[in-house]
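2 protein chains.
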Amino acid sequence: MKLTVLKDHLNEAIGHVSKAISSRTTIPILTGIKIDATGAGITLTASDTDISIQSFIPLESDGTTIVELYAKGSVVLPAKFFSEIIRKLPTQQVQIEVKDQFQTTIRSGSSEIQIMGLDPEEYPLLPEIDEDKIIRMPSDLLKMMVRQTSFAVSTNETTPILTGVQWTIADGKLKFIACDRHRLATREASIDVDSSLEFNNIVIAGRTLGELNKILPEQNTLIDIVIAENQVLFKMNAILFYTRILDGTYPDTSKLIPQAYQTELVVSTRELIDAIDRAYLLSREDKTNIVRMQMKEDESIEISSSSSELGKLTEQINLHKLKGELLKISFNSKYMLDALKVMDSDFIHIGFTGAMQPIIIKPEENANLLQLILPYRTTG
Amino acid sequence: MKLTVLKDHLNEAIGHVSKAISSRTTIPILTGIKIDATGAGITLTASDTDISIQSFIPLESDGTTIVELYAKGSVVLPAKFFSEIIRKLPTQQVQIEVKDQFQTTIRSGSSEIQIMGLDPEEYPLLPEIDEDKIIRMPSDLLKMMVRQTSFAVSTNETTPILTGVQWTIADGKLKFIACDRHRLATREASIDVDSSLEFNNIVIAGRTLGELNKILPEQNTLIDIVIAENQVLFKMNAILFYTRILDGTYPDTSKLIPQAYQTELVVSTRELIDAIDRAYLLSREDKTNIVRMQMKEDESIEISSSSSELGKLTEQINLHKLKGELLKISFNSKYMLDALKVMDSDFIHIGFTGAMQPIIIKPEENANLLQLILPYRTTG
Numbered sequence: 001m002k003l004t005v006l007k008d009h010l011n012e013a014i015g016h017v018s019k020a021i022s023s024r025t026t027i028p029i030l031t032g033i034k035i036d037a038t039g040a041g042i043t044l045t046a047s048d049t050d051i052s053i054q055s056f057i058p059l060e061s062d063g064t065t066i067v068e069l070y071a072k073g074s075v076v077l078p079a080k081f082f083s084e085i086i087r088k089l090p091t092q093q094v095q096i097e098v099k100d101q102f103q104t105t106i107r108s109g110s111s112e113i114q115i116m117g118l119d120p121e122e123y124p125l126l127p128e129i130d131e132d133k134i135i136r137m138p139s140d141l142l143k144m145m146v147r148q149t150s151f152a153v154s155t156n157e158t159t160p161i162l163t164g165v166q167w168t169i170a171d172g173k174l175k176f177i178a179c180d181r182h183r184l185a186t187r188e189a190s191i192d193v194d195s196s197l198e199f200n201n202i203v204i205a206g207r208t209l210g211e212l213n214k215i216l217p218e219q220n221t222l223i224d225i226v227i228a229e230n231q232v233l234f235k236m237n238a239i240l241f242y243t244r245i246l247d248g249t250y251p252d253t254s255k256l257i258p259q260a261y262q263t264e265l266v267v268s269t270r271e272l273i274d275a276i277d278r279a280y281l282l283s284r285e286d287k288t289n290i291v292r293m294q295m296k297e298d299e300s301i302e303i304s305s306s307s308s309e310l311g312k313l314t315e316q317i318n319l320h321k322l323k324g325e326l327l328k329i330s331f332n333s334k335y336m337l338d339a340l341k342v343m344d345s346d347f348i349h350i351g352f353t354g355a356m357q358p359i360i361i362k363p364e365e366n367a368n369l370l371q372l373i374l375p376y377r378t379t380g
Numbered sequence: 001m002k003l004t005v006l007k008d009h010l011n012e013a014i015g016h017v018s019k020a021i022s023s024r025t026t027i028p029i030l031t032g033i034k035i036d037a038t039g040a041g042i043t044l045t046a047s048d049t050d051i052s053i054q055s056f057i058p059l060e061s062d063g064t065t066i067v068e069l070y071a072k073g074s075v076v077l078p079a080k081f082f083s084e085i086i087r088k089l090p091t092q093q094v095q096i097e098v099k100d101q102f103q104t105t106i107r108s109g110s111s112e113i114q115i116m117g118l119d120p121e122e123y124p125l126l127p128e129i130d131e132d133k134i135i136r137m138p139s140d141l142l143k144m145m146v147r148q149t150s151f152a153v154s155t156n157e158t159t160p161i162l163t164g165v166q167w168t169i170a171d172g173k174l175k176f177i178a179c180d181r182h183r184l185a186t187r188e189a190s191i192d193v194d195s196s197l198e199f200n201n202i203v204i205a206g207r208t209l210g211e212l213n214k215i216l217p218e219q220n221t222l223i224d225i226v227i228a229e230n231q232v233l234f235k236m237n238a239i240l241f242y243t244r245i246l247d248g249t250y251p252d253t254s255k256l257i258p259q260a261y262q263t264e265l266v267v268s269t270r271e272l273i274d275a276i277d278r279a280y281l282l283s284r285e286d287k288t289n290i291v292r293m294q295m296k297e298d299e300s301i302e303i304s305s306s307s308s309e310l311g312k313l314t315e316q317i318n319l320h321k322l323k324g325e326l327l328k329i330s331f332n333s334k335y336m337l338d339a340l341k342v343m344d345s346d347f348i349h350i351g352f353t354g355a356m357q358p359i360i361i362k363p364e365e366n367a368n369l370l371q372l373i374l375p376y377r378t379t380g
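Here the protein sequences come in this chain order: A and B. First residue of the first sequence? That's 1 in the UniProt record's numbering, and the numbers climb one at a time after it. First residue of the second sequence? That's 1 in the UniProt record's numbering, and the numbers climb one at a time after it.
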């Protein structure tokens with residue numbers, strides 16, 4: 001292999017695939033980035049077995065030569081050092097040459113670096129994926145759906161299936177569900193999909209979707225999502241992102257969501273976030289995160305928290321609407337803040353079916369997003 | 001005590017004094033910020049016994065009312081919670097009221113916070129300082145002198161005196177010296193001082209000077225520095241910064257600096273930094289940080305490093321000047337980068353008196369700044 005490539009393009013591609021490099025891998029070859037130079041361009045690959053990412057650098061783009069290829073070939077180079085040294089090279093023109101025993105030389109200006117490369121034959125093959133089950137959606141929508149749900153996955157590895165987000169596809173709609181044992185987040189959207197396509201057991205790790213969100217392009221563009229037996233492939237412009245589907249069956253969460261409310265209120269999202277954010281500061285001190293909400297006759301709520309060491313805090317918020325029985329309810333302020341921060345609506349609707357029943361939070365005028373939080377069993 | 005104060009001014013003052021709050025203090029009262037409200041304004045005080053900082057908020061500034069005072073008084077409030085909650089209050093007008101038992105109420109908009117305050121009588125008194133020995137200097141010069149020396153202090157607590165920067169005042173000049181056992185940094189400047197004033201045993205902790213640098217104002221202004229028996233007081237506009245002088249006698253370092261060189265070179269600071277920065281990436285892998293410099297007949301140097309695991313790197317740099325015997329010398333690349341990064345000169349002069357003798361780095365045309373690095377005893 002021998003080629004020159006423009007530093008900025010190489011840097012960008014390394015930045016993308018590096019998100020699949022795990023610092024805790026026990027498989028030596030996976031600490032490296034695989035480089036394949038072919039007649040079409042350069043492909044970089046990185047993987048931690050759960051996630052695999054490929055980034056492609058074409059020979060030219062918009063009439064500008066990006067890669068000059070002198071000899072095809074492949075090599076695996078240590079990811080951390082390779083990405084750091086490329087970023088610091090003095091010139092845009094970077095030459096990479098691989099000789100016997102994968103001995104690799106990188107030249108840029110008057111810098112010359114010799115790296116011991118690894119055998120690309122030892123690098124695991126990426127899964128071959130049939131492209132017959134495809135959904136297509138805007139990257140902005142995907143990003144938003146991930147942001148609105150993935151924070152609610154469980155971090156407890158004893159129930160691995162709950163560390164993922166469940167994807168359900170039915171009737172031309174895509175639905176994400178995330179839940180740990182204390183809260184649930186769900187977001188639904190109509191997408192461009194063959195109405196005969198139905199899935200209910202695609203579960204993708206929350207951590208993986210977080211990495212995907214970092215790679216999704218800044219500008220809105222259409223993403224193809226290919227669904228296979230136990231893999232999902234996200235196809236972006238020049239980037240392929242493969243992820244494993246989690247093993248197991250996701251629990252049925254539909255029964256958790258009440259169909260009618262005993263009490264309903266509408267409140268300014270910003271005012272509620274700010275008040276709970278302040279209450280959180282005290283609730284955090286006692287490690288409980290408990291904040292209380294008390295509804296009042298004058299269509300207001302009082303938010304309060306206390307810490308045995310520091311003191312107590314009360315906040316008054318006027319409601320936009322209040323209907324039903326006045327309740328006094330306690331909840332985890334951190335969970336409430338997580339739910340409120342993804343609302344993307346000036347006013348939110350909160351529904352209650354009793355002081356010990358789930359709290360349901362929705363944007364005032366959008367039935368596609370729903371957050372559920374279990375209250376704390378406290379009095380006082 | 002009862003007053004209202006504008007949130008932004010209170011926030012700024014808290015930000016300044018908080019730099020003296022240590023999370024590791026074992027003295028409970030020092031986890032707090034002392035607030036004194038008098039007829040002149042509000043004074044905030046924080047201390048970790050080594051550093052004490054006071055920030056003053058006047059009743060008004062430029063015709064704008066900042067503080068409305070209803071009752072004088074003092075209280076100590078828990079620093080962490082106090083600073084976080086003030087930052088998040090909903091309105092600019094913040095009311096603080098202290099009642100019996102230092103029970104403190106903070107009101108802002110419809111937020112009300114009750115904090116258990118501590119007795120200000122328990123708060124340690126700040127040292128009383130005679131203001132007869134004063135030096136005055138521009139804040140920018142002080143900041144620069146700290147930046148150019150304090151990185152070289154020792155981090156090894158077994159010789160506490162070396163964790164400080166030595167200040168020498170003589171003949172109207174102020175000189176800073178910092179050294180651990182491997183390098184030395186020194187910076188000198190003429191300042192506005194009574195020529196009879198002489199000191200040679202003011203040693204201030206490098207960490208303290210780092211905190212001072214964060215507080216020194218953005219715009220250049222004159223700073224008064226008051227030197228007392230075992231304290232130094234930095235007087236800025238509205239801020240007083242007290243620091244302890246380290247106990248002990250600073251070693252005489254004047255003999256370490258050679259008076260004549262066997263080899264001298266002048267090189268572009270940027271080119272040398274970039275080359276050593278790349279070489280550092282490999283040298284770091286073997287935890288030695290060893291980088292080699294070899295001088296060549298054609299007025300160039302070769303910078304090289306290697307790692308048993310990764311490979312090796314070589315860099316060629318053309319010199320601006322080269323005089324004397326051609327040397328091959330090894331050094332700690334991290335120390336060299338620290339020294340080069342504070343040069344503030346496009347070209348630097350490096351002087352050598354042999355492969356095992358100190359390396360002396362200076363700006364090409366400025367004798368006020370000098371960095372010394374001991375070479376490594378390696379061959380090859």
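For every residue, glycine included, the Cβ atom is placed at its ideal position computed from N, Cα and C.
| So, A:Q54 versus A:L240, is the Cβ gap smaller than 9 Å? | yes
Handout entry: Residue nearest to B:D247 in terms of C-alpha spacing, selected from B:L282, B:I204, B:G210
Key = B:I204
Are any of the Cβ atoms in chain B nearer than 9 Å to that of A:A79?
-> no
Is it buried or exposed for B:R377, if we count other Cβ within 10 angstroms and need 16 for buried? exposed
*Any Cβ of chain A within less than 9 Å of the Cβ of B:G311?*
yes
* Asked: Of all the CB atoms in chain B, is at least one closer than 9 Å to the CB of A:I113?
  -> yes
Of the listed residues A:I317, A:T158, A:V17, A:G311, nearest to A:R270 (C-alpha basis): A:I317
**Report entry** Own chain partners of B:K173 with C-beta closer than 8 Å, once the 5 adjacent residues on each side are dropped
**Finding:** E188, A189, S190, I191
9 Å is my cut-off, CB to CB: does A:A275 come that close to chain B?
yes
Where A:N237 and B:T163 are concerned, what is the direct C-alpha to C-alpha distance, given to the nearest angstrom? 54 Å
For this session: Return helix, strand or coil for A:E12, following the three-state DSSP convention.
Result: helix
_Buried versus exposed, by CB contacts within 10 Å (16 or more), B:S195_ = exposed
(Q) For chain B, check one thing: does any of its Cβ atoms lie closer than 9 Å to the Cβ of A:K133? (A) no
For this session: Consider the Cβ of A:S104: report whether some Cβ of chain B lies at a distance smaller than 9 Å.
Result: This sequence places Thr at residue 104 of chain A; Ser is not what is there. Yes - at least one Cβ of chain B is within 9 Å of the one on A:T104.
Checklist entry - In chain order, which alpha helix (DSSP H) runs of at least 4 residues are fully inside the region 54-141 of chain A? => result 79-87
For A:M336, go through chain B and note every residue whose CB falls closer than 9 Å to its CB, in chain order. What A:M336 touches in chain B: nothing, since even the nearest Cβ is about 16 Å away.
>> Can you confirm whether B:T269, when its beta carbon is compared against all beta carbons of chain A, has any partner nearer than 9 Å?
In response: no
Residue burial classification, A:G39 (beta-carbon count within 10 angstroms, cutoff 16)
exposed
Discussion item. Tell me which residue opens and which closes the beta strand (DSSP E) that A:Y376 is part of.
Written reply: A:Y376 -> no beta strand (DSSP E), and no H or E assigned at all.
Practice problem: Taking all protein chains shown into account, decide if B:M336 is buried (16 or more other Cβ within 10 angstroms of its Cβ) or exposed. | Solution: buried
- Is B:R183 close to chain A, meaning its C-beta is less than 9 Å from at least one C-beta of that chain? no
Margin query: Tell me the rounded alpha-carbon separation between A:K341 and A:S307.
Written below: 24 Å
- Message: On a Cα-Cα basis, can you pick out the residue from B:D36, B:E12, B:A46, B:L6 that is closest to B:S22?
- Response: B:A46
Does any residue of chain A bring its CB to less than 9 Å from the CB of B:R278?
yes
Given this structure, state the Cα-to-Cα distance separating A:H16 from A:P217, to the nearest angstrom.
11 Å
**OP:** Under the assumption that B:K321 contacts B:L265 (Cβ atoms under 8 Å), give the Cβ distance between them as a whole number of angstroms.
**Re:** 6 Å
- Examine chain A for any beta-carbon lying closer than 9 Å to the beta-carbon of B:M1, and answer yes or no. no
Verify whether the separation of the beta carbon atoms of A:I51 and A:K19 is less than 9 Å. yes
Interface residues of chain A facing B:K88 [CB-CB closer than 9 Å]: D274, D277, R278, L281
Note to self: Across the region 97-113 of chain B and the region 129-140 of chain B, are there enough close Cβ pairs to call them in contact, namely three or more that are closer than 8 Å?
What the structure shows: no
Which two residues bound the contiguous beta strand (DSSP E) that contains B:L209?
Run containing B:L209: none in the beta strand (DSSP E); it sits in the alpha helix (DSSP H), 206-215.
Hey, is residue 385 of chain A's beta-carbon within less than 9 Å of any beta-carbon in chain B? Since the displayed chain A opens at 1 and closes at 380, residue 385 of chain A lies outside it and no answer follows.
task = Let me know if B:E157 comes out buried or exposed under the rule of 16 or more other beta-carbons within 10 Å of its beta-carbon.
result = exposed
message = Using C-beta distances below 7 Å, list every residue in its chain close to A:G380, excluding the 5 sequence neighbours before and after it, in chain order.
response = Any answer about A:G380 is weak, because its pLDDT of 48 lies below 50 and its placement is not dependable; what the coordinates show is given next. Counting only Cβ-Cβ distances below 7 Å, and skipping sequence neighbours, we find nothing.
Discussion item. Counting only C-beta atoms, is B:S52 closer than 9 Å to chain A at any point?
Written reply: no
TODO: Alpha carbon to alpha carbon, how far is A:A339 from A:W167? Give it in angstroms, no decimals.
DONE: 19 Å
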